[in-house]
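If you read the sequence shown in the numbering used here, its first letter stands for residue 1197, the second for the next number, and so on.
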Amino acid sequence: METCEKFKLTIHATCQMANDLIIKALKTKSNSLNLSSRKITHLPEVFARLTWIVILKLNNNYLSSLPSELMCLQKLTELNLGNNVLEEIPSVLKHLHCLNKLYLYGNKISHLPPEGALGWKNLKILDVAGNCLSVFPVGFLTLEELFFEGNNLVPFTLMESIQEKEVLSLKDMLSHWGQCALCSQPFLTTWLECVQFINTRKHMGMKSSQSVPVRVLLCSYDCFNRDDHQYYGLVRL
Ligand SMILES: [Zn+2]
């Protein structure tokens, strides 16, 4: 019981410290705010008033989500959310149109939104290292730097396979409309999940040369069996 009380007090004290820093930033109108390593579990509503903030560091905390109030920070260009406990990219981030550096390393993110970086037209640097990603959606080709080491990315391993329906075990139901990457036909119910390996230097113009699996959806085995493409079917081993 005593330990519990002590824990509560510690949390309260660190939250108070974070609040003090926010209040200080409100008073000084500083354009950057560093709240890293403050044991923060959620952001207070007062954040919405920091409308002039350009750089915000929230790394090394316990954030699992972000409040919609963060949308008010329309001048934000750099956001560090590294080493938190996010399981997905918080939806509020796509409303931060000035973002050009986004750090999400060391979280538990297993997928990136289908629209990729399209919501962030100015995004140049994305760091998603040390998450649980397996493939990248299309739309990340405009970045200048992409950090993705330490994920469980689909490996480039060619396997002999007979193109039977069982081969692509990730055939699944879609909850939304899609379009075939080969024949451009729309499909609504079933699809085949494939990957295309994109080279970061050749296709994205980045300095480093690495291979990134990018998600591609095909409408049917008829399309998959065509020999005019370089998409690879995913096989669950
Ligand atoms: Zn097709």
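Ideal Cβ positions, reconstructed from N, Cα and C, are used throughout, including at glycine.
At a cut-off of 3 residues, the continuous stretches assigned as beta strand (DSSP E) that sit fully inside the region 1213 to 1301 are 1228 to 1230, 1251 to 1253, 1274 to 1276 and 1297 to 1299. Straight-line measurement puts the Cα of CYS1419 at about 35 Å from the Cα of ASN1318. Nearest to ARG1397 by alpha-carbon distance, out of CYS1390, GLU1389 and GLN1406, is GLN1406.
Within its own chain, the residues whose Cβ lies closer than 8 Å to the Cβ of LEU1231, once the five positions on either side in sequence are excluded, are ALA1214, LEU1217, ILE1218, LEU1252, LYS1253, LEU1254 and ASN1257, listed in chain order. For ASP1323, the enclosing beta strand (DSSP E) begins and ends at 1321 to 1323. Each of LEU1292, GLN1392 and CYS1376 was checked against the Cα of VAL1331, and the nearest Cα belongs to GLN1392. Here the C-alpha atom of ASN1395 lies approximately 6 Å from the C-alpha atom of VAL1408. Ranked by Cα distance from LEU1229, the first of THR1273, SER1260 and SER1261 is THR1273. Nearest C-alpha to ASN1327 among GLY1315, GLU1345, LYS1320 and VAL1334: GLU1345. For PHE1343, the enclosing beta strand (DSSP E) has its first and last residue at 1341 to 1343. Between the C-alpha atoms of VAL1334 and LEU1269 there is a straight-line separation of about 27 Å. Spanning the alpha carbons of PRO1263 and LEU1277 requires a straight line of approximately 13 Å. Chain order is used for the residues whose beta-carbon lies nearer than 6 Å to a heavy atom of ligand 1, namely CYS1376, LEU1378, CYS1379, GLN1381, LEU1414, CYS1415, SER1416 and CYS1419. Between the region 1239 to 1252 and the region 1280 to 1290, the count of Cβ pairs shorter than 8 Å is below three; the stretches do not touch. Around the beta-carbon of ASP1323, 16 or more other beta-carbon atoms lie within 10 Å, marking it buried.
In the DSSP assignment, CYS1390 is bridged to VAL1412 and GLY1429. Taken atom to atom, the span from the alpha-carbon of ASN1303 to that of LEU1259 is near 10 Å.
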